RNA sequence: GGCGCAUUCGUCUAGUGGCCUAGGACACCGCCCUCUCACGGCGGCGGCACGGGUUCGAAUCCCGUAUGCGCCUCCA
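Numbering (our numbering), first residue to last: 5 to 428.
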């Protein structure tokens, strides 16, 4: 039997990290099993926002690299089938009309049981199950009816979703049973919380995958991080490629308890992935990211700066603040000790060729002549040239800036600070 | 309130009766490296929610308590 999983978001906007994690688990499971991963949109109306949200969701899944099989299906397209199925249930006495709506008759006694792949065996006594509205009085079928119906129609074999659906499961199982459909296996994955232990929400910071993309996280790192939220391979392996994740992922190793979304760890992983990128690839991503964010900086200069920051920043989003001085003079915050500046300018004017190695040798020589420790001599130069006490390597930065611009900044500072210009 | 699920360092987790004086990672602290920052290396801090059992032996099994979360909608 071919395994078929599905991700069934409702089109309410950008994909939330929790939804992305659910999608990822479904995708990893399907790919691991050599099965299919379907995308189904659980919409109930045709409002304009739906079309946009669907595009957003598809865009996010594509960015994450979660490709789906078959066409995207819409709940809306199943309305008539759902209505027909509901009528059949009424004819069979399994459902009845109630003030214009149709209610499903839940059993009065016994228990509904399923063996959840994550949670284990769960039993729900029938007294807990109230007769359920399956078609509203306006004719639209409800979620708890169409969702299992669609699973049956699509031949879904594994329903992998958040634990907030646990109490829907017995209802859906009963409906499937009444419909005479094959029952899928269920796996209820733990929910995601914010750092305060409460449900993840906007006040915790970034919340949609799109937010993280804008902040300069890259999909490889994000996927790796998401996979580790509620799932683990062993007691020490954390950094895994997409291929390794697919190869190693099993639902049996998904945990039962909710996880807190740890922004610090995500950043750390992102930095790891960024540093591991081949330099040319890194530069490509930086250029693409900055373009997307609306920066119109010179591409060659961005590429030149890329290797100077690759070891330094954890997200692409840190680049403008960290390396913006390459593109515009930055007013330095603090006082610049102007003592070494004229001497540094004089020294740099004579460096030939004007490249990092020569610059370093010359400036170290200067520090020695002035009787200064390297740090004492270099910090003022750094501040004068970059506008900050924290920057990429000084010598490499001077080389990239070029002799003329470097000297201009050293002299500008000597006269009381460089002129800033628009950074965008 | 009812029902369900969960509970190992601050966080993500390993752990399925002896391998655990509980392992790894992030964060944090210290040292080293060093032109700043970062990277890297080394070291440190820090946890089995609580109470009863069962057992020669329990983080692991059972019961209870507490806490958290979820659902209880003609939302999905």
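Each residue gets a CB set at the ideal place from its N, CA and C atoms; glycine is no exception. From a predicted model like this one, the values you see are computed outputs, not experimental measurements.
Where residue i falls: helix, strand or coil (DSSP)
i           : result
residue 18  : coil
residue 78  : strand
residue 146 : coil
residue 5   : coil
residue 95  : helix
residue 105 : strand
residue 129 : strand
residue 344 : helix
residue 328 : helix
residue 297 : coil
residue 135 : coil
residue 2   : Since the displayed the chain opens at 5 and closes at 428, residue 2 lies outside it and no answer follows.
residue 169 : helix
residue 12  : coil
residue 157 : helix
residue 213 : helix
residue 406 : coil
residue 208 : helix
residue 428 : Note that residue 428 scores 34 on pLDDT, short of 50, meaning its location in the model is unreliable; the coordinates nonetheless yield the value given after this. Residue 428: coil per DSSP, three-state reduction.
residue 47  : coil
residue 323 : helix
residue 317 : coil
Beta-carbon proximity of residue i to residue j, cut-off 9 Å
i           : j           : result
residue 7   : residue 33  : yes
residue 31  : residue 70  : yes
residue 167 : residue 128 : no
residue 314 : residue 281 : yes
residue 273 : residue 243 : yes
residue 284 : residue 21  : no
residue 365 : residue 374 : no
residue 255 : residue 191 : yes
residue 279 : residue 290 : no
residue 19  : residue 64  : yes
residue 399 : residue 376 : no
residue 163 : residue 145 : no
residue 186 : residue 180 : yes
residue 126 : residue 94  : no
residue 68  : residue 250 : no
Best match in the options for proximity to residue i [C-alpha to C-alpha]
i           : options            : result
residue 234 : 143, 10, 122, 325  : 122
residue 141 : 167, 157, 101      : 101
residue 384 : 349, 5, 289        : 349
residue 203 : 136, 263, 77, 259  : 263
residue 120 : 352, 174, 287      : 174
residue 268 : 104, 114, 319, 113 : 319
residue 35  : 177, 219, 252      : 252
residue 247 : 24, 108, 38, 107   : 38
residue 1   : 72, 79, 214        : With the chain covering only 5 through 428, there is no way to say anything about residue 1.
residue 2   : 11, 165, 353       : Residue 2 is absent from the model: the chain starts at 5 and stops at 428.
residue 1   : 165, 220, 10       : The requested residue 1 is not part of the displayed model; the chain covers only 5 to 428.
residue 407 : 397, 356, 316      : 356
residue 296 : 358, 217, 265      : 217
residue 222 : 183, 170, 245      : 245
residue 46  : 77, 323, 379       : 77
residue 329 : 301, 351, 346, 345 : 301
residue 27  : 17, 72, 148        : 72
residue 237 : 224, 257, 226      : 257
residue 105 : 136, 346, 115      : 136
residue 133 : 149, 172, 159, 249 : 172
residue 212 : 261, 265, 184, 259 : 265
Buried/exposed call for residue i, threshold 16 Cβ in 10 Å
i           : result
residue 395 : buried
residue 401 : buried
residue 321 : buried
residue 393 : exposed
residue 369 : exposed
residue 414 : buried
residue 155 : buried
residue 161 : buried
residue 205 : exposed
residue 40  : buried
residue 220 : buried
residue 240 : exposed
residue 372 : exposed
residue 336 : buried
residue 420 : No answer about residue 420 holds up, because its pLDDT of 43 lies below 50 and its placement is not dependable.
Whole-number beta carbon distance between residue j and residue i, since they are thought to touch under 8 Å
i           : j           : result
residue 58  : residue 15  : 5 Å
residue 391 : residue 334 : 3 Å
residue 287 : residue 310 : 4 Å
residue 153 : residue 55  : With a Cβ gap of about 24 Å, residue 153 and residue 55 do not count as contacting.
residue 24  : residue 151 : About 20 Å separates the two Cβ atoms, so there is no contact after all.
residue 90  : residue 99  : 6 Å
residue 198 : residue 208 : 4 Å
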